[in-house]
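Peer 1: Our numbering numbers the first residue of the sequence shown as 1 and each following residue consecutively.
Note that beta-carbon positions come from the ideal geometry of N, C-alpha and C, so glycine has one too.
Have a look at this one.
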Amino acid sequence: MTDTQFILGSGGIGDFLLLMSINYDKLDNINLVFFANNTAHIKELVTYFPKIKKSIILDLDWERLSKFYAKENCINTGILPKNLNFQKWQNVNIFNEYGVIEFPKFIYELFKPQRYAKKQIFIQDFGSTTEQASGKVRKLQPPLFEYSSIIEPKIREGYEIITSTDIRCSTIKDVFEIILGSDIVYSVDSFCKTFSALAGIQTYVYDNIYTNEYLTKFNGQIDTGHWVFIFCWS
Numbered sequence: 001m002t003d004t005q006f007i008l009g010s011g012g013i014g015d016f017l018l019l020m021s022i023n024y025d026k027l028d029n030i031n032l033v034f035f036a037n038n039t040a041h042i043k044e045l046v047t048y049f050p051k052i053k054k055s056i057i058l059d060l061d062w063e064r065l066s067k068f069y070a071k072e073n074c075i076n077t078g079i080l081p082k083n084l085n086f087q088k089w090q091n092v093n094i095f096n097e098y099g100v101i102e103f104p105k106f107i108y109e110l111f112k113p114q115r116y117a118k119k120q121i122f123i124q125d126f127g128s129t130t131e132q133a134s135g136k137v138r139k140l141q142p143p144l145f146e147y148s149s150i151i152e153p154k155i156r157e158g159y160e161i162i163t164s165t166d167i168r169c170s171t172i173k174d175v176f177e178i179i180l181g182s183d184i185v186y187s188v189d190s191f192c193k194t195f196s197a198l199a200g201i202q203t204y205v206y207d208n209i210y211t212n213e214y215l216t217k218f219n220g221q222i223d224t225g226h227w228v229f230i231f232c233w234s
């Protein structure tokens with residue numbers, strides 16, 4: 001795709017979804033370059049989006065990402081901040097700044113709800129381990145989880161509880177469609193809450209477990225990713 005127009009993204013499944021929310025509904029044909037935390041996940045996702053005609057999925061490499069970012073035929077960089085300075089995410093309004101569409105049409109056009117009970121709750125109890133070594137853990141831990149005071153009343157009200165652990169061997173598409181079939185989503189700060197937010201489903205997000213050292217990187221010790229993935233969403 002040396003001379004072909006393309007859109008550019010990096011990160012995980014949630015980042016991919018926001019890139020699609022900006023571009024997918026308005027473009028007829030998409031050429032994609034994506035620097036992935038997990039290339040297998042992004043390659044699988046590409047198969048679900050028929051408007052993506054050509055794709056290059058690479059392991060995350062900041063130097064190579066910067067070169068693609070600067071190419072004249074790069075027509076959209078999604079939620080990537082200017083000059084790849086992620087501190088610029090602080091206080092950002094992703095809908096105004098990046099053109100994110102909160103409720104894109106493709107969610108219900110490409111994926112169909114899977115409902116296994118009359119009343120259904122989905123829980124993503126763990127997420128990406130990409131930043132775990134540096135002090136950021138996406139995981140529900142006791143006493144927060146284990147059907148706490150939040151979950152137990154829902155069971156008594158007749159809700160079926162499905163967790164990401166239950167469907168660990170399913171495809172990403174299966175996970176998306178189970179979310180679409182759910183009335184409520186409880187999630188760690190990972191891709192399931194991004195998908196359910198795009199779908200307009202009632203969503204509760206549990207913050208990450210951080211080391212104090214990790215949070216010192218951010219102004220006010222607030223993870224700047226929250227401005228993109230949590231704070232703006234209705």
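Alpha carbons only, please: which of Ile184, Ser21, Gly14, Asn29 is nearest the one belonging to threonine 4?
Peer 2: By 1-based counting over the sequence shown, the position of residue 4 is 4. Ranking Ile184, Ser21, Gly14, Asn29 by Cα distance to threonine 4 puts Asn29 first.
Peer 1: Just checking my contact of isoleucine 94 with isoleucine 7 at CB under 8 Å: how many whole Å lie between their CB atoms?
Peer 2: Within the sequence shown, the letter at position 94 stands for residue 94. Within the sequence shown, the letter at position 7 stands for residue 7. With 8 Å as the limit, isoleucine 94 and isoleucine 7 do not qualify as a contact, their Cβ atoms being about 16 Å apart.
Peer 1: Can you tell me whether lysine 67 is buried or exposed? The criterion is at least 16 other CB atoms within 10 Å of its CB, across all chains shown.
Peer 2: One-based indexing of the sequence shown puts residue 67 at position 67. Exposed, by the Cβ-count rule.
Peer 1: Please name the residue, chosen from Asn37, Phe34, Asn31, His41, that lies closest to threonine 171 on a Cα-to-Cα basis.
Peer 2: As a working note, residue 171 is residue 171 in the sequence shown. Nearest of Asn37, Phe34, Asn31, His41 to threonine 171, Cα basis: His41.
Peer 1: Consult DSSP for alanine 36 and reduce its assignment to one of helix, strand or coil.
Peer 2: Taking the sequence shown and counting its residues from 1, the one referred to as residue 36 is at position 36. In this structure, alanine 36 counts as strand in the three-state DSSP scheme.
Peer 1: From what residue to what residue does the beta strand (DSSP E) around leucine 58 run?
Peer 2: Residue 58 sits at position 58 when you count from the first residue of the sequence shown. Where leucine 58 is concerned, the enclosing beta strand (DSSP E) stretches over 52–59.
Peer 1: Check whether the stretch 98–114 touches the stretch 127–142, counting contact only when three or more Cβ pairs, one atom from each stretch, lie closer than 8 Å.
Peer 2: Touching, no, given that fewer than three Cβ pairs across the two stretches are closer than 8 Å.
Peer 1: Once the 5 residues before and after phenylalanine 126 are set aside, which same chain residues still bring their CB inside 6 Å of it?
Peer 2: Here residue 126 refers to the residue found at position 126 of the sequence shown. Once the five neighbours on either side are set aside, the close Cβ partners of phenylalanine 126 are Lys139.
Peer 1: Ignoring anything shorter than 4 residues or poking outside the stretch 98–128, list the alpha helix (DSSP H) runs there in chain order.
Peer 2: DSSP runs (the alpha helix (DSSP H)) wholly in the stretch 98–128: 106–110.
Peer 1: With respect to the alpha helix (DSSP H) encompassing glycine 14, which residues constitute its N-terminal and C-terminal limits?
Peer 2: Against the sequence shown, residue 14 aligns to sequence position 14. 13–23 is the span of the alpha helix (DSSP H), which, as asked, contains glycine 14.
Peer 1: Would DSSP call threonine 224 helix, strand or coil?
Peer 2: Translated into positions along the sequence shown, residue 224 becomes position 224. DSSP places threonine 224 in coil when its eight states are reduced to three.
Peer 1: Distance, Cα to Cα, phenylalanine 86 vs threonine 165?
Peer 2: Numbered from 1 along the sequence shown, position 86 holds the residue referred to as residue 86. Numbered from 1 along the sequence shown, position 165 holds the residue referred to as residue 165. Cα-Cα distance, rounded: 31 Å.
Peer 1: In whole angstroms, give me the CA-to-CA distance for isoleucine 151 and valine 100.
Peer 2: For the purposes of this step, residue 151 is taken as residue 151 along the sequence shown, with counting starting at 1. For the purposes of this step, residue 100 is taken as residue 100 along the sequence shown, with counting starting at 1. Straight-line Cα distance between these residues: approximately 32 Å.
Peer 1: Only counting the same chain, and skipping five residues up and downstream in sequence, which positions put a Cβ closer than 7 Å to that of valine 137?
Peer 2: Position 137 of the sequence shown, counted from the first residue, corresponds to residue 137. Cβ within range, chain order: Asn208, Ile209.
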